[in-house]
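Asks: In this note's numbering, the protein residues as written are 39 to 176.
Beta carbons: idealized from backbone N, C-alpha and C, even for Gly.
Nothing here was measured: the structure is a model prediction, and the numbers come from that model.
1) Let me confirm a value: residue 108 is counted as buried when at least 16 other C-beta atoms fall within 10 Å, else exposed. Which label applies?
2) Mark residue 74 as exposed unless 16 or more other C-beta atoms lie within 10 angstroms of its C-beta, in which case mark it buried.
3) Taking Cβ positions, are residue 86 and residue 72 nearer each other than 8 Å?
4) Under DSSP, the beta strand (DSSP E) around residue 148 begins and ends at which residues?
5) Thinking residue 130 and residue 146 are a contact (beta carbons under 8 Å), I'd like their distance in whole angstroms, please.
6) Can you list, in chain order, the residues of its chain whose CB lies under 6 Å from that of residue 68, leaving out five sequence neighbours each side?
7) Determine whether the beta carbon atoms of residue 106 and residue 89 lie at a separation below 8 Å.
8) May I ask which residues mark the beginning and end of the beta strand (DSSP E) holding residue 130?
9) Within a Cβ cutoff of 6 Å, which residues of the same chain sit near residue 138, ignoring the five residues on either side of it in sequence?
10) Of the choices 49, 95, 50 and 51, whose alpha-carbon is the least far from that of residue 60?
11) Contact check, residue 142 vs residue 116 under 8 Å by CB: the rounded distance?
Below is the structure:
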């Protein structure tokens, strides 16, 4: 509704700033930087970065996820899941590849996307509709 074609295709990330709290479902067609708090479901067709002040409680579906803050719940990452120093991921993690840096914490169940315990991360990622990819607000 408010996005131009140039901004919709821009490489600028969507930013959820420090001090911002969102409850419910957030769908993003590009990159997203989380420095605030999401309580609910995050669906992203691009790279998700949870900064040191960021927190996601609920479900995350993403192409890639870098955690420098806190993520708790069910995580499905099609490609790479990276837990950075100071980052914490707790819950059920499914990923294409995994990297946990020294000082990063992963606690819960983990499964590579090819493992049989529930299919691949790609199969479980809800796709965005054409209207959502075009930036329409519902």
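Replies: Looking at the coordinates:
1) buried
2) buried
3) yes
4) 143-150
5) 6 Å
6) 84
7) yes
8) 126-133
9) 121 and 144
10) 95
11) Residue 142 to residue 116, Cβ: 20 Å. No contact.
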